[in-house]
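Participant:
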Amino acid sequence: MRTQVAIIGAGPAGLMLGRLLERAGIEAVIIERRSADYVLGRIRAGVLEQSTVELLARAGVDERLKAEGLVHDGVEISFDGDMHRIDFSGLIGRHVTVYGQTEVTRDLMEARAGSGALSIYEAEDVSIHDFDGTRPRVRYRKDGVTHEIACDFIAGCDGFHGVTRASVPKKAIQIFERVYHFGWLGVLVDKPPVAEELIYAHHERGFALCSMRSPSRSRYYVQVDADEKVEAWSDERFWDELRRRLNPEVAERLATGPSIEKSIAPLRSFVAEPVRFGRLFLAGDAAHIVPPTGAKGLNMAMHDVRLLADAFIEHYGDKSGAGIEGYSAKVLARTWKTERFSWWMTSLLHVFPTTGAFGRRIQRAEFDYLTSSRAAATSLAENYTGLPD
Ligand code: FAS
Ligand code: PHB
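Residue numbers (UniProt numbering): 1 to 389.
#1: Can you determine whether any heavy atom of ligand 1 sits closer than 8 Å to the C-beta of G41, and answer yes or no?
#2: Do H95 and D73 have their C-beta atoms within less than 9 Å of each other?
#3: Quick check: is any heavy atom of ligand 2 less than 8 Å from the C-beta of Y332?
#4: Can you have a look at V5 and say buried or exposed, based on whether 16 or more other CB atoms are within 10 angstroms of its CB?
#5: Any heavy atom of ligand 1 inside 8 Å of the beta-carbon of Q50?
#6: Considering only heavy atoms of ligand 2, does any lie closer than 8 Å to the CB of P215?
#7: When you compare each of V71, F312, W184, V351 to E197 by their alpha carbons, which one comes out closest?
#8: Using 8 Å as the cut-off, classify the Cβ of P292 as near or not near the heavy atoms of ligand 2, replying yes or no.
#9: For H161, verify whether its CB is less than 8 Å away from any heavy atom of ligand 1.
#10: Any heavy atom of ligand 2 within a distance shorter than 8 Å of the CB on residue 418?
#11: In the DSSP output, which residue or residues are listed as bridge partners for G156?
#12: Looking at C-alpha atoms only, which residue of H288, I260, A272, A251 is the closest neighbour of S216?
#13: When burial is assigned at 16 or more other CB atoms within 10 Å of the CB, is T146 buried or exposed?
#14: W184 lies in the beta strand (DSSP E); which residues open and close that run?
#15: From A13 to I154, what distance separates their C-alpha atoms?
#16: Can you tell me whether M212 sits near ligand 2, meaning its C-beta is under 8 Å from at least one heavy atom of the ligand?
#17: Any idea if Y38 is buried or exposed, counting beta-carbon neighbours within 10 angstroms, 16 or more meaning buried?
#18: Three or more beta-carbon pairs under 8 Å between the stretch 349-369 and the stretch 199-213, yes or no?
#19: Can you tell me which of the three DSSP states R217 falls into?
#20: What does the alpha-carbon distance come out to for the pair V194 and C210?
#21: What residue range is occupied by the uninterrupted beta strand (DSSP E) comprising G74?
#22: Hey, is A295 close to ligand 2, as in C-beta under 8 Å from one of its heavy atoms?
#23: What's the gap between the Cα of W184 and the Cα of D310?
#24: What three-state label does DSSP hand Y200 in the structure shown?
#25: Hey, is residue 391 close to ligand 2, as in C-beta under 8 Å from one of its heavy atoms?
#26: Could you compute how far the alpha carbon of D318 sits from the alpha carbon of A28?
#27: So which of V53, R64, V138, G116 has the shortest CA-CA distance to S214?
#28: State whether the stretch 44-59 contacts the stretch 100-119, with contact taken as three or more CB pairs (one from each stretch) at a distance under 8 Å.
#29: Can you give me the C-alpha to C-alpha distance between R253 and E325, rounded to a whole angstrom?
#30: Can you list, in chain order, the residues of its chain with a C-beta nearer than 7 Å to that of V250? Leave out the 5 residues immediately preceding and following it.
#31: By how many angstroms is the C-alpha of H303 removed from the C-alpha of D158?
#32: Cβ-heavy atom distance between A13 and ligand 2 below 8 Å?
#33: Between A301, K296, W336, F352, which has its C-alpha nearest V47's C-alpha?
#34: Taking the alpha-carbon of L55 as reference, which of L17, G90, E32 has the nearest alpha-carbon?
#35: Per DSSP, which one or two residues make a beta bridge with M345?
#36: Tell me the rounded alpha-carbon separation between P353 and F207.
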């Protein structure tokens, strides 16, 4: 089989790249190791930057988003029960949209299925070859038969644990990483959200987040130790712990019920440099990871694949290589600014083993500065709603 672009991974990055290329008349095959249902079953991000919403519109998959997305003009920050609203709209005239990653993935999957573009799910032993030459290839096994795809380019959209970054020779790549000794225990519940906007809460017992998926479905998180097991957390224990970390009036309003999903996500800051290796391009979680505190992971992935799609369109169109040559530097410039913001939000809101009494006073001072300075609030607003390109 031959194609122009072989995309490894059918998460939001791979599916969005495939969609943008298809609409530009560029042929791409997506190779995914899991089933479509498995990919849809992963509960992850919830907040879209305006630029991501615009990209979904460009891809022609924003019908449901327009109907069901919740536009938020601000967010609440809570510190030991004191609450302060960051007014995105009033400060910088921008907003975010709450629409689950699962729904973004579903919309992209359905659009691709409708177009007839080829996606190979449950592909086993995917491997990539000769991407440092001019004739890269992808190999995989399906139903016991080994297949090979010849292509012009390979897009590594296979996430943090994928095969593409792992296939780059160690001497050709530099890794930057910070592992946090805690994770997020997340719960999905079919109950109305406790507030109209998200609440990010710092408490001496740990971080908590009140989010949502719709007016009738909520998403909550509490910080837990990195070695915690989800089996140790009954719904009752989760709700009690969440209430203890929230402002008392908010805790009083909390509508609880049986969890329909419960999982622990590890937190990590990670960047690979560069993100291009000959004819292999990394995008999304394959290239970088941020702690979910800044709601950036999915949005970063969308930014990367927009750049990559435009680079391929330029290559196949007017035969210019400028986008391809500039891809890695552009992705990394934005990535590091977003890594900084996600690390800063995580440092402000979480309790670290090394925080100590001095550290907690510094965190409180950061919160007090945020609530008393328009400049500080504006900085959070412009980072959270998405930095300009
Ligand atoms: P993805 O990981 O979504 O997709 C990669 C795809 O590649 C997967 O479908 C995988 O099965 C496939 N794949 C892997 N190896 C392969 C191989 N060898 N061959 C073929 N296919 C392969 N971000 C937020 O903004 N907010 C959150 O709350 C949040 N929570 C998260 C929780 C968890 C547990 C994780 C892991 C991430 C979370 N993120 C969150 C970040 C997340 O939303 C990512 O940024 C987003 O999924 C990035 O999309 P992709 O780059 O497409 O990677
Ligand atoms: C979510 O709704 O899952 C969510 C929202 C904001 C974040 C992280 C996760 O920062």
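A virtual CB, placed ideally from N, CA and C, is assigned to each residue, including glycine.
Facilitator: The structure says:
#1: no
#2: yes
#3: The identity of residue 332 in the sequence shown is Leu, whereas the question assumes Tyr. For L332, the Cβ stays outside the 8 Å cut-off from all heavy atoms of ligand 2.
#4: buried
#5: no
#6: no
#7: Checked all of V71, F312, W184, V351; the closest Cα to E197 is V71.
#8: yes
#9: yes
#10: Since the first and last residues shown for the chain are 1 and 389, residue 418 lies out of range.
#11: In DSSP, G156 forms a bridge with I8, L282.
#12: Between S216 and the set H288, I260, A272, A251, the nearest pair of CA atoms involves I260.
#13: exposed
#14: 174-189
#15: 13 Å
#16: yes
#17: exposed
#18: yes
#19: strand
#20: 7 Å
#21: Annotation for G74: the continuous beta strand (DSSP E) segment containing it runs 74-79.
#22: yes
#23: 35 Å
#24: strand
#25: Residue numbering for the chain in the displayed model covers 1 to 389; residue 391 lies beyond these limits and cannot be assessed.
#26: 19 Å
#27: R64
#28: Because the criterion of three Cβ pairs below 8 Å is met, the stretch 44-59 and the stretch 100-119 touch.
#29: 53 Å
#30: V194, A195, I199
#31: One C-alpha to the other measures close to 16 Å.
#32: no
#33: The shortest Cα separation from V47 among A301, K296, W336, F352 belongs to K296.
#34: Nearest C-alpha to L55: L17.
#35: Per DSSP, none; premise fails for M345.
#36: 13 Å
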